[in-house]
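Using the numbering used here, the first residue of the sequence shown is number -8, and each one after it goes up by one.
Glycine is no exception: its CB is placed at the ideal position from the N, C-alpha and C atoms.
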Amino acid sequence: MYILLTALFVFVAFGVVLLYSYLQKKKANVLLASQKEEIQSTLLRLKSTQAQLIQSEKMASLGELTAGIAHEIQNPLNFVNNFSEVSNELIDEMKDEIKKGNYEEVSAIADDVKQNLTKINHNGKRADAIVKSMLEHSRIGTGQKEITDINVLCDECIRLAFHGLRAKDKSFHASFENPF
């Protein structure tokens, strides 16, 4: 009988230990499940934040690029505007000289107007080349290789980098020497 009671006691004790172990594992599983959900939620927020950061960086880069391109286009347009204003003033001056009969001065003024028109044409073509280059770059490429003047390409990259830096920091100054 003592043996039977001892065996029953051992069996009950073993059952209590197993029950306690089961309850501890169940509690640990519940805790792990809640931690897993929290980690997954944090991961989703992190991915969302990362996507927003990438988008923000893309927009900032696009803004810098746009500022550089606008500056590149603005330069030749400023030349065109300035030379056309000067040419208008020269035409008025030429009319005055014609009225005075000073044809030598009229000839000199006409040469200046012609020179200004040449500069206007040159800078108009520069602006046109910039816009065409932008359009060509934005088109979906066919993947075909094209012959490119590496010096022109490097010059264009240097100018765009310079203007991108100028857009960020107005106090930035640099000079370029082209050995070609």
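For a test of the three-state rule: what should DSSP assign to residue i, helix, strand or coil?
| i | result |
| --- | --- |
| residue 168 | coil |
| residue 140 | coil |
| residue 125 | helix |
| residue 26 | helix |
| residue 12 | helix |
| residue 146 | helix |
| residue 119 | helix |
From residue i to residue j, what distance separates their C-alpha atoms?
| i | j | result |
| --- | --- | --- |
| residue 83 | residue 113 | 24 Å |
| residue 76 | residue 137 | 40 Å |
| residue 140 | residue 147 | 11 Å |
| residue 24 | residue 30 | 10 Å |
| residue 44 | residue 78 | 50 Å |
| residue 157 | residue 164 | 8 Å |
| residue 118 | residue 67 | 6 Å |
| residue 120 | residue 32 | 51 Å |
| residue 70 | residue 89 | 28 Å |
| residue 100 | residue 108 | 12 Å |
Rank the options by C-alpha distance to the C-alpha of residue i and give the top, closest one.
| i | options | result |
| --- | --- | --- |
| residue 63 | 166, 162, 150 and 167 | 150 |
**Request:** At 4 residues or longer, and completely inside the segment 30 to 107: list those alpha helix (DSSP H) runs for me, N to C.
**Result:** none
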